[in-house]
Amino acid sequence: MKNPRITTAIAAVLALTTTVAACSSGGDTVPADQASASAAPSADPSLPVAPAGATPAALNTLTLEGLGSLKLGQPVPARGTWAERGAQTSDQCRVVSSPDYPGVYAIVEGGTVRRITVAGASAVKLVEGLGVGSTRANIDADLPGFAEEPHKYVDGGLYLTAPNAASGDAAVRFELDGDGMVSAMHVGMMPVLGYVEGCA
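Numbering (mature numbering (1 follows the signal peptide of the UniProt record, and there is no 0)), first residue to last: -22 to -1, 1 to 178.
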């Protein structure tokens, strides 16, 4: 005959073990391309800590305020992994990047972040889900009314810039390749938002 107290105690221990295992092994369900982003908070204390229940995608969202701890209009965080890497072309304009965000760099002028650029195979996207690889049709559906101008270096390529860019507020700008796909996107303030060669 089973003792009901022992059965209840075993059930409680199993439930606790399952809960602890679920909390400690959450990284097993993170896709490989987002693994570094999900590990970022422990690697970089300046990155935001995701609220309970937040997904790794929340840490890879570029907004008009910035990306994680990197904020437009503010200095580069003193603590963290955002830093100058490689040769710099100017004392007034600097470029910083972070290994926690492959394919992303920021332009710093006057000691403050003026633009954040996402390119390459980056997992970083806008809140709307737009990012590298999105199409012109995706942009028109989610953010209609962007001003169009020809790309300076890519045949058939375009720049699409938010209509509020001239206001001096943070705005979005996309670079499209000759096939109409986003090859890079930028969030920042003019004139830096419109730079076509890094700091120029």
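Built from N, CA and C at the ideal position, the CB exists for glycine as well.
Of the candidates 153, 92, 68 and 102, the residue whose Cα lies closest to the Cα of residue 81 is 102. With 16 or more other Cβ atoms inside 10 Å of its own Cβ, residue 84 counts as buried. For residue 160, the number of other beta carbons within 10 angstroms of its own is at least 16, and it is reported as buried. With a beta-carbon spacing of about 3 Å, residue 166 and residue 93 fall inside the 8 Å limit used to define contacts.
If the five residues before and after residue 45 are omitted, its C-beta is found closer than 6 Å to the C-beta atoms of 94, all from its own chain and listed in chain order.
It is roughly 20 Å from the alpha-carbon of residue 100 to the alpha-carbon of residue 54. Its chain contains 40, 81, 82, 102, 109, 110, 162 and 163 as the residues whose beta carbon lies nearer than 7 Å to that of residue 96, once the 5 sequence neighbours on both sides are disregarded; these appear in chain order. In the DSSP annotation of this structure, the continuous segment of the beta strand (DSSP E) that includes residue 72 starts and ends at 71 to 75.
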